[in-house]
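Engineer: Quick one: the structure is below, questions incoming.
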Amino acid sequence: MTTTSDRQITAVVSDFLDAQKESIVTQWADSPFFRSVAQDSDQAAGDSAEVLRGIRRAIAAGDADSPAADGFNDLRSLLTALASQLDGNEGVSPRTAVEVSDLKKPLLRLWQETADAELLTAGALLLSSAVDTLRLVLVESALASAKETLAIQRDQLTELSTPVIKLWDGVLAIPLIGTLDSMRSQVATESLLQSIMTHQAKVAILDITGVPTVDTMVAQHLLKTAMAARLMGAECVISGIRPQIANTMVQLGIDLGEVATRARLADALAYALNRLGLQVGSSAGPGVV
1 MTTTSDRQIT AVVSDFLDAQ KESIVTQWAD SPFFRSVAQD SDQAAGDSAE VLRGIRRAIA
61 AGDADSPAAD GFNDLRSLLT ALASQLDGNE GVSPRTAVEV SDLKKPLLRL WQETADAELL
121 TAGALLLSSA VDTLRLVLVE SALASAKETL AIQRDQLTEL STPVIKLWDG VLAIPLIGTL
181 DSMRSQVATE SLLQSIMTHQ AKVAILDITG VPTVDTMVAQ HLLKTAMAAR LMGAECVISG
241 IRPQIANTMV QLGIDLGEVA TRARLADALA YALNRLGLQV GSSAGPGVV
């Protein structure tokens, strides 16, 4: 519970921020922190005013040292946007932290010019604590923004690593490259099933030429994908089974059941076209070598 003197200091500092709002916003808008990310002076002034409102609300509530305070929570969207633009999109650096700390200077200077002597030290500590908390919230916002960006990039890379290619009318192929884990397998299956429905495909080729090893888990993923495609009315062919992989599968006792397999993608395509009633042959005439 705060004492009477604490409440008095909080009230006086809140009134000070209201009275000096225009001067504080003007000086903050010209500071390196706001100037480095703002497109113009109006934006810098607007961002400064919003930050000041958040700090003032936190101080008035007695939460100047709490990053979870409503006043600071009001600023998280703004601080996340600012953090994404700081330091050439490289995140919050030590230099940025110093720039945020420099916001104290105009606050403390104006406070010293207007405050009563008996409240001078306590008020300065309160203002300094609020800016320190603002810096902490900025770092938290930057980390949250970076985490979200990494998640988006991971999802994009996963989608790019499992493209579905239309090889012929009714024939699709999905080249699988690298290690197959549960997430990639799920994305591959969903992408393939969606493409089967979109293109009304009859044959889908799962090419594992780029998969370094096939173990029991990978084989199970392939079988599940083949079964799901069959339920959609398409037959699956697995291509790219090299001698080493074939030997490993035999030693592990992996049985792909009724799923057709071919050594090369070209062989799988020929099989798929044959299933569609098409013949693959050479166009060369007699005597042409």
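In the UniProt record's numbering, the protein residues as written are 1 to 289. Don't be surprised by glycine CBs; every beta carbon is placed ideally from N, CA and C.
#1: In whole angstroms, give me the CA-to-CA distance for Thr-2 and Arg-109.
#2: List the DSSP bridge partners of Asp-207.
#3: What does DSSP give as the partner residues of Thr-261 in its beta bridges?
#4: Quick one: grab the DSSP three-state call for Leu-252.
#5: Nearest CA to the CA of Ala-44: which residue from Leu-82, Gly-62, Leu-256 and Trp-111?
#6: Taking the CB atoms as reference points, tell me whether Ile-205 and Leu-172 lie closer together than 8 Å.
#7: For a test of your reading of the model: does the CB of Lys-21 fall under 7 Å from any non-hydrogen atom of the ligand MN? Yes or no.
#8: I'd like the span of the alpha helix (DSSP H) that includes Lys-104, first residue to last.
#9: Can you say whether Gly-123 is buried or exposed, counting buried as having 16 or more other CB atoms within 10 angstroms of its CB?
#10: With DSSP as the reference, label Leu-276 as helix, strand or coil.
#11: Can you check which of these residues, Gly-46, Ala-60 and Ile-238, is closest to Ala-270 by C-alpha distance?
#12: Of the choices Ala-64, Asp-18 and Ala-142, whose alpha-carbon is the least far from that of Ala-49?
#13: One question on the structure: do Leu-75 and Trp-28 come within less than 8 Å of each other, judged by their Cβ atoms?
#14: Assign Leu-167 to one of three DSSP states: helix, strand, or coil.
#15: Could you tell me the alpha carbon to alpha carbon distance between Gly-62 and Leu-150, rounded to whole angstroms?
#16: Where Leu-167 and Gln-85 are concerned, what is the direct C-alpha to C-alpha distance, given to the nearest angstrom?
#17: Assess contact between the stretch 111-118 and the stretch 31-47, defined as three or more Cβ pairs (one per stretch) separated by less than 8 Å. Is contact present?
#18: For Met-232, which three-state DSSP category applies?
#19: Determine the burial state of Gly-233: buried for a count of at least 16 other Cβ atoms within 10 Å of its Cβ, exposed for fewer.
#20: So, for His-221: in the same chain, excluding its five sequence neighbours on each side, which residues have a beta-carbon less than 7 Å away from its beta-carbon?
#21: Under the three-state reduction of DSSP, which class applies to Ser-5: helix, strand or coil?
#22: Beta-carbon within less than 6 Å of Leu-265's beta-carbon, same chain only, minus the 5 sequence neighbours each way: which residues are those?
#23: Could you give the distance in angstroms between the alpha-carbon of Asn-274 and the alpha-carbon of Lys-224?
#24: What did DSSP end up calling Ser-36 once you bin it into helix, strand or coil?
#25: In whole angstroms, what separates the C-alpha of Ile-254 from that of Ala-228?
#26: When the Cα atoms are used, what is the spatial distance from Leu-78 to Ile-55?
#27: Three-state secondary structure (DSSP) at Leu-75?
#28: Spatial neighbours of Ala-130 within its chain, please: CB distance less than 7 Å, with the 5 preceding and 5 following residues excluded, ordered by chain position.
#29: Judging by CA-CA distance, which residue of Ala-142, Glu-118 and Pro-106 is the nearest neighbour of Ser-128?
Structural biologist: Taking the coordinates as given:
#1: On the sequence shown, position 2 is the one that residue 2 refers to. On the sequence shown, position 109 is the one that residue 109 refers to. Unreliable placement is indicated for Thr-2, whose pLDDT of 44 sits below 50; the coordinate value is still reported in the next sentence. The C-alpha of Arg-109 is placed about 26 Å away from the C-alpha of Thr-2.
#2: Here residue 207 refers to the residue found at position 207 of the sequence shown. Looking at the DSSP assignment, Asp-207 forms a beta bridge with Pro-175 and Ser-239.
#3: Translated into the one-based positions of the sequence shown, residue 261 becomes position 261. Paired residues: Ile-238.
#4: In the sequence shown, residue 252 corresponds to position 252, counting from 1. DSSP places Leu-252 in helix when its eight states are reduced to three.
#5: Your numbering for residue 44 matches position 44 in the sequence shown. Of Leu-82, Gly-62, Leu-256 and Trp-111, the smallest CA-CA separation from Ala-44 is found for Leu-82.
#6: In the sequence shown, residue 205 corresponds to position 205, counting from 1. In the sequence shown, residue 172 corresponds to position 172, counting from 1. Taking 8 Å as the cut-off, the beta carbon of Ile-205 is found closer than this to the beta carbon of Leu-172.
#7: For the structure depicted, the ligand MN is absent and the ligand set is empty, with no information on it obtainable.
#8: Here residue 104 corresponds to residue number 104 of the sequence shown, with the count starting at 1. Looking at the DSSP string, the run of the alpha helix (DSSP H) that includes Lys-104 is 104-114.
#9: The count along the sequence shown starts at 1 and reaches residue 123 at position 123. Counting Cβ neighbours within 10 Å, Gly-123 comes out buried, since at least 16 surround it.
#10: Here residue 276 refers to the residue found at position 276 when the sequence shown is read from its first residue. DSSP places Leu-276 in coil when its eight states are reduced to three.
#11: As a first step, residue 270 is located in the sequence shown; it is residue number 270 there, counting from the start. Per the Cα distances, Ile-238.
#12: Position 49 of the sequence shown, counted from the start, is the residue given in the question as residue 49. Among Ala-64, Asp-18 and Ala-142, the Cα nearest to that of Ala-49 is on Asp-18.
#13: On the sequence shown, position 75 is the one that residue 75 refers to. On the sequence shown, position 28 is the one that residue 28 refers to. No. Outside cutoff.
#14: On the sequence shown, position 167 is the one that residue 167 refers to. For Leu-167, the secondary structure class from DSSP, reduced to helix, strand or coil, is strand.
#15: Within the sequence shown, the letter at position 62 stands for residue 62. Within the sequence shown, the letter at position 150 stands for residue 150. Separation of Gly-62 and Leu-150 (C-alpha to C-alpha, rounded to the nearest whole angstrom) is 36 Å.
#16: In the sequence shown, counting from the first residue as 1, residue 167 sits at position 167. In the sequence shown, counting from the first residue as 1, residue 85 sits at position 85. Distance from the CA of Leu-167 to the CA of Gln-85, rounded to the nearest whole angstrom, comes to 43 Å.
#17: Result no; under three Cβ-Cβ pairs closer than 8 Å.
#18: As a first step, residue 232 is located in the sequence shown; it is residue number 232 there, counting from the start. If DSSP states are grouped into helix, strand and coil, Met-232 belongs with coil.
#19: On the sequence shown, residue 233 is found 233 positions in, with the first residue counted as 1. Counting Cβ neighbours within 10 Å, Gly-233 comes out exposed, since fewer than 16 surround it.
#20: In the sequence shown, counting from the first residue as 1, residue 221 sits at position 221. Correct list, in chain order: Leu-180 and Ser-185.
#21: Numbered from 1 along the sequence shown, position 5 holds the residue referred to as residue 5. Here Ser-5 sits in helix by DSSP.
#22: In the sequence shown, the residue the question calls residue 265 occupies position 265. The answer, listed in chain order, is Asp-207 and Ser-239.
#23: Within the sequence shown, numbered from 1, the residue matching residue 274 stands at position 274. Within the sequence shown, numbered from 1, the residue matching residue 224 stands at position 224. Taking the CA atoms as reference points, Asn-274 sits about 24 Å from Lys-224.
#24: Counting from one through the sequence shown, the residue named residue 36 turns up at place 36. It is coil, neither helix nor strand.
#25: Locating residue 254 in the sequence shown gives position 254, where the first residue counts as 1. Locating residue 228 in the sequence shown gives position 228, where the first residue counts as 1. The straight-line gap from Cα to Cα measures roughly 19 Å.
#26: In the sequence shown, counting from the first residue as 1, residue 78 sits at position 78. In the sequence shown, counting from the first residue as 1, residue 55 sits at position 55. Their backbone Cα atoms lie some 13 Å apart in a straight line.
#27: Residue 75 sits at position 75 when you count from the first residue of the sequence shown. Three-state result, Leu-75: coil.
#28: Reading the sequence shown from its first residue, position 130 is the one you call residue 130. Cβ-Cβ distances below 7 Å link Ala-130 to Ile-55, Ala-58, Ile-59 and Ala-64 in the same chain, with the five nearest sequence neighbours on each side left out; the list follows chain order.
#29: The residue you call residue 128 lines up with position 128 of the sequence shown. The alpha carbon of Ser-128 has as its nearest neighbour, out of Ala-142, Glu-118 and Pro-106, the alpha carbon of Pro-106.
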